[in-house]
Amino acid sequence: MNKDMKILIVDDFSTMRRIIKNLLRDLGFTNTAEADDGATALPMLQNGNFDFLVTDWNMPGMTGIELLRAVRADARLKNMPILMVTAEAKRDQIIEAAQAGVNGYVVKPFTAAVLKEKIEKIFERVGG
Amino acid sequence: MLVNNQEKPSDDVWDDLKDRARTLIQKLEDGDFKGASSAIEELNEARDRSIYLEVGKLTRGLHDAIVNFDIGQPMEGEEDASKMTNAQDRLDYVIQLTGSSADKTMDMVEEGIPLASEIKEKAIALREDWARLLRREMNPDEFRELYHSIDEFLGFAADGSGQLNDKFNTILLAQDFQDLTGQVIKKVISLVQEVEERLVELMRVAGQIEELTGIVRSGDRTEKRLVKGLDSEAEGPQINAENRDDVVSGQDNVDDLLSSLGF
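These protein sequences, in sequence, are chains A and B.
Numbered by this note's numbering, the letters in the first sequence go through residues 1 to 128 in order.
Numbered by this note's numbering, the letters in the second sequence go through residues 1001 to 1263 in order.
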C-alpha cells in the first residue's frame, strides 16, 4: 500500500468530503482529490490516474452504485479498488454493492479506526 | 369543511320523490298512461335535481379544501412565497446552517491540533534537558540556555493554551445550530402534518363524489405495487434500525453479512 497513491473522494456533502480527507491525511494519504457527484467523478477517473476511489451512495446526478458499475465496465478502470462510505444500510443494498464489485463497505457514522481497517484490508487483498 | 356525510339526499328531496312516486302509482292504477309517463319524467327530474345539488355541495367542499392547502398562495407578509416554498426554504436553511457549523468546528480543530502538538513537543524536549540537568550532565552555558528555554516555553504554553481555550469556546458556540435548526424543522413538521390532513380530506371528498355519481374505477382498490427496478430503493440514513429486519445496525453487521456471502 503506497502512501502516495492518488485517491478520489466523492460525496455530495462538502462536510463529509472534508472529514474523509482529514482522516486519510491522518493515515498518511495526502494525495487526494474531490468530486461532488458520480457524474463529475467519472471523467476525473477516466483522465486522472487515480489509484483508489472512495464514494458515497446517494448523490443527485449519478449515484455511487451507478458510478461503481460504470467504473467496473470501463476497460481501463475496472480493477480500481473502490470503497463505499455511505449511510445506506439496507441488506439488499449492501449485497447489491458487493455483487457490483465494491471492495469495501463502510456505513455512516463511522470511526477513523474502521476507515483505516477497511482500507488496509482492501490493499491486502489487492496485493499492494 | 364538508359537513354532509349522508348517502341519502336531504329530507325534502326524499319527500318530493315519494310524492311523485305516489302520483305515478296513482296514474298507473287509473290506467292513465300519458299521465304515468309525465309522472315518470317528473320523478327523473326530481332525482337529477337532487344529484346536481349534492354534486354542487361536494365541489364547493373540494374547492374549499384546495384553497385551504395554500398551494401557490403567498404567506402573510411574504410576497411570493407559498407555504410549500417556505418549507423548502426552511430546509435549505437547515442544510446551510449545519454545513457552516460543521465547517467552523472543523476549522477550529484543524488549527488547534498542530498547536497542541507543538506544546507537547516543546514540553518533551524541555523535559529531556531538565532530566540532563538533574543528572548533572549540564555545563553552565547550557544551563543558561535552559533558563531561557524554560521561560520561553512557559510563555508559549500559556499563550497557546489560551488560544486553544478560545477555539474550544468557538466550537461550543458553533453547536447553536441544533437549537436553530430544531425550531425550523419543527415548523416544517407541522406543515407536513397539515398537508397530510388536507390530502386525507380531499380523498374523502373525491370518494363521495365518486359514490354519488356512480363512478367506479376498476383497479382502483388494488394496492400500489412497488416496481422493483435494477437498483433497490435508497432510503438514506436509517433512524429505527432495530425495528426493521431488512437493515443492518452497524459496521459489524455489514462485515458479517459480506463475509457470510463470501465477499
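From the three backbone atoms N, C-alpha and C, an ideal C-beta is built for every residue, glycine too.
Neighbouring residues, chain B, relative to residue i (Cβ below 8 Å)
i, result
"F110 of chain A", "Q1251"
"N58 of chain A", "A1234 and G1236"
Residue i: contacting residues in chain A (beta-carbon distance under 9 Å)
i, result
"D1246 of chain B", "K90, R91 and D92"
"D1103 of chain B", "S14, T15 and R18"
"A1116 of chain B", "Ordered by position in chain A, no residue passes the 9 Å Cβ test against A1116 of chain B, which lies about 14 Å from the chain."
Proximal chain A residues relative to residue i, where beta-carbon distance stays under 7 Å
i, result
"Q1238 of chain B", "A89"
Cβ-based burial, residue i [other Cβ within 10 Å; buried from 16]
i, result
"F1168 of chain B", "exposed"
"K118 of chain A", "buried"
"F1143 of chain B", "exposed"
"V10 of chain A", "buried"
"P81 of chain A", "buried"
"S14 of chain A", "exposed"
"M1203 of chain B", "exposed"
"L1226 of chain B", "Bear in mind that the predicted position of L1226 of chain B carries a pLDDT of just 46, short of 50, making it unreliable; the figure below should be weighed with that in mind. Burial call: exposed."
"Q1251 of chain B", "buried"
"F50 of chain A", "buried"
is_contact[residue i, chain B] using C-beta, thresh 8 Å
i, result
"T15 of chain A", "yes"
"V107 of chain A", "yes"
"V54 of chain A", "no"
"V114 of chain A", "yes"
Contact set between residue i and chain A, taken where Cβ atoms lie within less than 8 Å
i, result
"M1106 of chain B", "T15, R18, I19 and N22"
"L1257 of chain B", "R91, I94 and I95"
"A1241 of chain B", "A89"
Spatial neighbours of residue i in its chain, beta-carbon cut-off 8 Å, leaving aside the 5 residues before and after
i, result
"K121 of chain A", "G104"
"D12 of chain A", "D36, D37, D56, N58, M59 and P60"
"A1046 of chain B", "V1013, D1016, L1017 and R1020"
"V1094 of chain B", "T1181, V1184 and I1185"
"A1036 of chain B", "L1024, K1027 and L1028"
Beta carbon proximity, residue i to chain A, threshold 8 Å
i, result
"E1111 of chain B", "no"
"K1224 of chain B", "Below a pLDDT of 50, predicted positions are generally treated as unreliable, and K1224 of chain B, at 49, falls in that range; no measurement from the model is reported."
"V1254 of chain B", "yes"
"F1263 of chain B", "yes"
"G1099 of chain B", "yes"
"G1229 of chain B", "Because G1229 of chain B sits at a pLDDT of 47, beneath the cut-off of 50, its placement in the model cannot be relied upon, and the following sentence gives the value as read from the coordinates. For G1229 of chain B, the answer is no, since every Cβ of chain A falls outside 8 Å of its Cβ."
Cβ-Cβ separation, residue j to residue i (assumed contact under 8 Å), whole Å
i, j, result
"V102 of chain A", "V54 of chain A", "That belief does not hold up - the Cβ atoms of V102 of chain A and V54 of chain A are roughly 11 Å apart, past 8 Å."
"P1237 of chain B", "A87 of chain A", "4 Å"
"N47 of chain A", "K6 of chain A", "Going by Cβ atoms, the distance from N47 of chain A to K6 of chain A rounds to 12 Å, so no, they are not a contact pair."
"K90 of chain A", "V1247 of chain B", "5 Å"
"A33 of chain A", "L68 of chain A", "Between L68 of chain A and A33 of chain A the Cβ distance is about 18 Å, and since that is not below 8 Å, they are no contact."
"I95 of chain A", "L1261 of chain B", "7 Å"
Listed by chain order, chain B residues near residue i by CB distance under 9 Å
i, result
"V10 of chain A", "Residues of chain B passing the Cβ test: none, with the nearest at roughly 15 Å."
Amino acids of chain B, ordered along the chain, whose beta-carbon sits closer than 7 Å to that of residue i
i, result
"A129 of chain A", "This structure leaves residue 129 of chain A out entirely; chain A is present only between 1 and 128."
Sequence-distant residues of its chain with Cβ nearer than 7 Å to residue i (five each side left out)
i, result
"K3 of chain A", "G28 and F29"
"S1149 of chain B", "L1126 and D1129"
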